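These notes concern the structure reproduced below.
Residue numbers (the numbering used here): 409 to 497.
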């Protein structure tokens, strides 16, 4: 297995991680921004107010995007296992 193949595998893995985590991170960021704006306008600075909406939105995102995330991970893993005999040479 050459260095180029290892770099290609690492690159593919990192891209898969970014692809899988993007929806949840974007939703959490947007909800956090909205809550921060509401806290700034109402001058309520309670720390627990920012956590509850984020947790609920992240759980909802995982429920919505979970099957798609699993499909992406499964496809990538099957591809890696199919390439395994070629990597051993």
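Positions of the beta carbon are idealized from the N, C-alpha and C atoms, including for glycine.
Just so we're clear, the structure is a prediction, and the values are computed from it rather than from any experiment.
Alpha-carbon to alpha-carbon, residue j and residue i
i           : j           : result
residue 477 : residue 448 : 34 Å
residue 415 : residue 433 : 26 Å
residue 495 : residue 487 : 12 Å
residue 430 : residue 469 : 11 Å
residue 467 : residue 491 : 34 Å
residue 465 : residue 438 : 10 Å
residue 471 : residue 454 : 28 Å
residue 418 : residue 493 : 18 Å
residue 440 : residue 461 : 8 Å
residue 411 : residue 435 : 37 Å
residue 489 : residue 474 : 22 Å
residue 421 : residue 409 : 17 Å
Limits of the unbroken alpha helix (DSSP H) element including residue i
i           : result
residue 409 : Where residue 409 is concerned, there is no enclosing alpha helix (DSSP H), given that its DSSP letter is neither H nor E.
residue 486 : 455 to 496
Nearest-angstrom beta carbon gap, residue j and residue i [assumed within contact, 8 Å]
i           : j           : result
residue 425 : residue 480 : Not confirmed; about 10 Å, so no contact.
residue 457 : residue 443 : 7 Å
Exercise for the section: Identify every run of the beta strand (DSSP E) within the stretch 424 to 457, keeping only runs that are complete inside it and at least 3 residues long; order them along the chain. Expected result: none
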